[in-house]
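Residue numbers (UniProt numbering): 1 to 717.
A quick write-up on the structure given underneath.
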């Protein structure tokens with residue numbers, strides 16, 4: 001049976017952004033809802049611009065039934081060119097990867113996206129000439145190497161007005177004053193100084209214009225090896241201990257050069273180990289953490305679990321989900337990174353020693369660890385503006401190679417690695433373990449990860465501050481003779497209206513208590529911690545199937561034994577670190593103090609919202625964290641309206657700061673896929689073989705099995 005929505009009769013044209021140009025299009029393209037054998041879908045027009053690939057049907061022409069969480073830049077049927085991961089063509093029921101020039105054109109097009117969406121387009125009913133144009137156009141513009149200035153970022157910057165004022169709360173760290181303010185905020189200005197040595201990039205093009213070093217470091221030392229071997233300040237702890245990072249010297253050097261560099265480093269170490277500086281501990285991250293290649297390999301395997309073509313594939317992998325998940329090694333990498341961050345925290349907090357993170361460029365894993373340490377130790381970094389300022393400081397200005405690591409230009413897959421995504425996965429672990437400690441939500445983190453592939457913001461599209469500054473000139477474009485004004489991703493009003501932005505803010509955020517009410521607030525925090533447990537999705541989040549209550553205990557025991565066995569095979573933390581970890585977790589949580597993630601056994605979870613949001617089979621009808629959050633927003637709105645009525649009755653109405661919240665919604669109608677996907681079709685789970693059910697009845701047999709795990713959920717949907 002074929003469910004067909006008739007071809008659209010009226011002309012539907014794409015909504016183009018300033019600077020966006022239509023490159024090619026094809027009519028009478030059939031888009032499958034999902035490839036599940038039913039052939040359900042809709043006819044429409046497939047277009048490719050210099051910004052995105054877009055499918056337009058008759059629903060695209062109307063504003064009816066728009067989702068509450070609508071992105072103003074990228075619609076649900078839009079794929080930015082940078083978001084395209086791989087493109088496959090189907091020839092006589094066989095899939096083939098499409099790259100470069102095509103000799104034969106496919107009858108079906110499958111586009112896999114970096115945000116894990118999968119689009120299936122049927123081209124059988126499209127004119128042959130249009131098929132050739134659209135397929136070759138999409139493959140060329142999304143998969144072939146391109147020049148930096150060919151990015152849509154530059155077209156948009158030259159054509160779009162930049163009237164935003166959303167930068168005020170986020171510190172951009174582009175001026176000397178920003179660095180001095182940060183030193184003063186962290187009380188690091190006694191031992192450290194912001195320097196202007198790199199003005200004009202005379203030291204190094206990889207370093208930012210301004211950065212902070214120990215006061216005892218001379219300008220000559222900074223200039224000597226283009227900034228290599230120089231400890232650069234990241235953050236200062238309340239007790240005076242500081243977190244530093246350093247670019248290492250290349251390992252393959254001749255003996256004389258190597259001896260000179262070693263003598264230089266010895267001098268630097270002696271200088272910053274004397275009073276008033278604390279003792280120094282060095283940590284070479286290239287030897288203590290996985291390599292970038294290992295991270296890329298693990299993530300490539302991991303994401304394949306979620307790029308689901310059809311329902312059959314989903315259910316086929318469901319019975320061996322845990323073993324497949326473990327084999328990717330992605331969760332183990334997250335655990336190792338969090339463990340390393342805890343080690344650094346223990347050195348700073350307990351041992352009062354300075355920690356120097358060393359890496360070849362100090363712009364990859366150094367960024368991850370330094371950011372995590374600050375999120376754990378500094379409550380300011382857990383506010384929205386504080387977290388955004390942290391990303392600016394450590395990643396954008398700090399020189400992380402976003403262009404290469406995200407492979408935006410498709411120039412070299414060898415340089416590609418999801419380092420920033422690794423950080424967001426680690427931060428998510430903390431957010432879901434301690435929701436009241438964060439001003440932002442997991443939806444905020446998901447949207448931030450999506451923004452990596454939206455080339456209208458300069459934030460994630462350059463390798464360094466130098467590269468951005470040197471490309472700000474618009475002289476090469478006839479339309480503009482002055483410098484570009486790039487947009488920053490931190491102005492969320494560009495992507496979302498106020499109602500949608502409410503989903504980025506945590507309604508359960510525990511605001512910093514006032515001193516005179518500290519005792520009462522502390523007791524309340526403890527209570528909030530208990531209330532927050534249901535929000536963490538502690539049980540189902542590592543699994544695409546959602547378990548019934550009666551099987552939770554069994555699964556927890558099995559998972560604990562399996563993953564615990566896996567973790568114990570790696571190096572265990574030293575006794576002092578273990579004591580510090582256990583001691584902290586035995587006490588009540590201060591949401592504005594130190595936070596340590598739980599990393600034992602099955603505590604490291606899959607980021608459900610990001611990775612499962614497009615899979616209808618994985619949805620939980622009327623449930624999930626978003627349903628809870630929606631109910632809380634409804635209650636907050638009701639409380640606020642009652643408060644206004646009370647104030648009016650007592651003639652004490654104030655123009656107070658009342659946060660706007662979305663209109664009331666029926667959370668029972670929501671799905672766990674919300675707000676990224678609306679309630680979707682149900683999928684019938686295939687019957688398991690009799691032998692499998694027999695295995696499920698025997699708990700002992702199930703515990704002993706090491707090769708796979710079974711989905712015990714009968715009523716996932």
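Beta carbons are placed, not taken as given, at the ideal position from N, Cα and C, and that holds for glycine.
No experiment lies behind these values; they were computed from the predicted model shown.
| Euclidean distance between Cα positions of residue 28 and residue 613 | Reading the chain shown from its first residue, position 28 is the one you call residue 28. Reading the chain shown from its first residue, position 613 is the one you call residue 613. Answer to the nearest angstrom: the Cα atoms are 28 Å apart.
| field | Distance between residue 590 and residue 45 (C-alpha atoms, nearest Å) | value | Start at 1 with the first residue of the chain shown, and residue 45 comes out as number 45. Start at 1 with the first residue of the chain shown, and residue 590 comes out as number 590. When only Cα atoms are considered, residue 45 and residue 590 end up about 54 Å apart.
| request: Evaluate residue 414 with the Cβ neighbour count: other Cβ atoms within 10 Å of its Cβ, from every protein chain shown; 16 or more gives buried, anything less gives exposed. | output: Walking along the chain shown from the start, residue 414 turns up at place 414. Under this definition residue 414 is an exposed residue.
| message | So, with DSSP's three-state summary, where would you put residue 732? | response | Here the chain covers residues 1 to 717 and nothing more, so residue 732 does not appear.
| Hey, would you say residue 81 sits closer than 8 Å to residue 88, going by beta carbons? | Position 81 of the chain shown, counted from the start, is the residue given in the question as residue 81. Position 88 of the chain shown, counted from the start, is the residue given in the question as residue 88. Not in contact: residue 81 and residue 88 (Cβ atoms no closer than 8 Å).
| query | Which class does residue 149 belong to by DSSP, given the choice of helix, strand or coil? | reply | Position 149 of the chain shown, counted from the first residue, corresponds to residue 149. Residue 149 falls in the helix class under three-state DSSP.
| task | Would you decide whether residue 412 is buried or exposed? Buried here means 16 or more other CB atoms lie within 10 Å of its CB. | result | Position 412 of the chain shown, counting from 1, holds the residue named residue 412. Exposed, by the Cβ-count rule.
| Would you call the CB atoms of residue 213 and residue 183 closer than 8 Å? | The residue you call residue 213 lines up with position 213 of the chain shown. The residue you call residue 183 lines up with position 183 of the chain shown. The Cβ atoms of residue 213 and residue 183 do not sit closer than 8 Å to each other.
| task | Could you tell me which uninterrupted alpha helix (DSSP H) segments, each at least 4 residues in length, are contained entirely in the segment 582–636, listed from first to last along the chain? | result | Whole alpha helix (DSSP H) segments, 4+ residues: 608–612.
| query | Taking residue 107 as the reference, which of 92, 351, 118 has the closest Cα? | reply | For the purposes of this step, residue 107 is taken as residue 107 along the chain shown, with counting starting at 1. The candidate whose alpha carbon is nearest that of residue 107 is 92.
| request: Tell me whether the beta-carbon of residue 245 lies closer than 8 Å to the beta-carbon of residue 370. | output: Here residue 245 corresponds to residue number 245 of the chain shown, with the count starting at 1. Here residue 370 corresponds to residue number 370 of the chain shown, with the count starting at 1. Yes.
| Coil, strand or helix - residue 86 by DSSP | On the chain shown, position 86 is the one that residue 86 refers to. Strand at residue 86.
| query | Could you give the uninterrupted runs of the beta strand (DSSP E) lying entirely in the segment 27–58, keeping only those of 3 residues or more? | reply | 41–49, 52–56
| Whose C-alpha, out of 445, 366, 432, is nearest the C-alpha of residue 233? | For the purposes of this step, residue 233 is taken as residue 233 along the chain shown, with counting starting at 1. A check of alpha carbon separations from residue 233 across 445, 366, 432 identifies 366 as the nearest.
| request: Over the uninterrupted alpha helix (DSSP H) stretch that includes residue 260, give me the two end residues. | output: For the purposes of this step, residue 260 is taken as residue 260 along the chain shown, with counting starting at 1. Note, residue 260: alpha helix (DSSP H), 255–273.
| task | Report buried or exposed for residue 512, applying the criterion of at least 16 other Cβ atoms within 10 angstroms of its Cβ. | result | For the purposes of this step, residue 512 is taken as the residue at position 512 of the chain shown. Residue 512 should be labelled exposed.
| If you draw a straight line from the alpha carbon of residue 543 to that of residue 353, how long is it in whole angstroms? | To locate residue 543, count along the chain shown from 1; it is residue 543. To locate residue 353, count along the chain shown from 1; it is residue 353. Since pLDDT at residue 543 reaches only 36, below the 50 mark, its modelled position is unreliable, and the value read off the structure follows with that caveat. Between residue 543 and residue 353, the alpha-carbon positions lie close to 40 Å from each other.
| Smallest Cα separation from residue 135: which of 459, 49, 595? | The residue labelled residue 135 in the question sits at position 135 within the chain shown. Measuring from the Cα of residue 135, the nearest candidate turns out to be 49.
| task | Report all residues from its chain with a CB closer than 6 Å to the CB of residue 656; omit the five preceding and five following residues, and keep chain order. | result | Translated into positions along the chain shown, residue 656 becomes position 656. With a pLDDT of 46 at residue 656, under the threshold of 50, the modelled position of that residue is not reliable, and no figure is offered here.
| field | residue 328 vs residue 306 beta-carbon contact at 8 Å | value | Walking along the chain shown from the start, residue 328 turns up at place 328. Walking along the chain shown from the start, residue 306 turns up at place 306. Result no, Cβ atoms of residue 328 and residue 306 do not sit closer than 8 Å.
| message | Please state the DSSP three-state secondary structure of residue 23. | response | Along the chain shown, one-based indexing puts residue 23 at 23. Residue state, collapsed to three classes: strand.
| Starting from residue 92 and walking both ways along the alpha helix (DSSP H), at which residues does that stretch end? | By 1-based counting over the chain shown, the position of residue 92 is 92. Element bounds for residue 92: n/a, residue is neither H nor E.
| message | In this structure, how does DSSP classify residue 400 when only helix, strand and coil are distinguished? | response | Along the chain shown, read from residue 1 onward, the residue named residue 400 stands at position 400. Look at residue 400 here: in three-state DSSP terms it is coil, with no helix or strand label.
| Alpha carbon to alpha carbon, what distance is there between residue 19 and residue 159? | Sequence index remark: in the chain shown, residue 159 carries index 159 (1-based). Sequence index remark: in the chain shown, residue 19 carries index 19 (1-based). If I take the Cα positions, the gap works out to 5 Å.
| query | Counting only runs that start and end within the segment 340–397, where is the beta strand (DSSP E) found for 3 or more residues in a row? | reply | As summarised for the segment 340–397, the continuous beta strand (DSSP E) elements at least 3 residues long and confined to that stretch are 354–359, given in chain order.
| query | What's the gap between the Cα of residue 625 and the Cα of residue 349? | reply | Stepping through the chain shown from its first residue, residue 625 is reached at position 625. Stepping through the chain shown from its first residue, residue 349 is reached at position 349. Note on geometry: alpha-carbon atoms of residue 625 and residue 349 lie some 33 Å from one another.
| message | Taking its Cβ as the centre, do 16 or more other Cβ atoms sit within 10 Å of residue 497, making it buried, or is it exposed? | response | Here the question's residue 497 lines up with position 497 in the chain shown. With a threshold of 16 other beta carbon atoms within 10 Å, residue 497 falls short and is exposed.
| message | Let me check one thing: in DSSP terms, what residues is residue 490 bridge-paired to? | response | Position 490 of the chain shown, counted from the start, is the residue given in the question as residue 490. Note: residue 490 sits in no beta bridge, so no partner.
| Given 8 Å as the limit, is there contact between the segment 262–279 and the segment 202–222, that is, 3 or more CB pairs closer than that? | yes
| query | In chain order, which alpha helix (DSSP H) runs of at least 4 residues are fully inside the segment 293–340? | reply | Annotation note: the segment 293–340 contains the following uninterrupted alpha helix (DSSP H) runs of length 4 or greater, listed N- to C-terminal: 311–318, 321–328.
| residue 620 versus residue 602: straight-line alpha-carbon distance, rounded | Counted from its first residue, the chain shown places residue 620 at position 620. Counted from its first residue, the chain shown places residue 602 at position 602. Computed Cα separation, rounded: 21 Å.
| query | Which of the three DSSP states, helix, strand or coil, is assigned to residue 641? | reply | Against the chain shown, residue 641 aligns to sequence position 641. Residue 641 falls in the helix class under three-state DSSP.
| field | Beta-carbon proximity check, residue 402 vs residue 471, cutoff 8 Å | value | Walking along the chain shown from the start, residue 402 turns up at place 402. Walking along the chain shown from the start, residue 471 turns up at place 471. Their beta carbons are not under 8 Å apart, which means residue 402 does not touch residue 471 by this criterion.
| At what residues does the alpha helix (DSSP H) containing residue 426 begin and finish? | Translated into the one-based positions of the chain shown, residue 426 becomes position 426. Residue 426 -> alpha helix (DSSP H) spans 419–433.
| field | Segment contact, 8 Å Cβ cut-off, at least three pairs: the segment 261–269 with the segment 376–385 | value | no
| Unbroken alpha helix (DSSP H) run spanning residue 289, endpoints | Looking up residue 289 in the chain shown gives position 289. Annotation: residue 289 is outside any alpha helix (DSSP H) and is labelled neither H nor E by DSSP.
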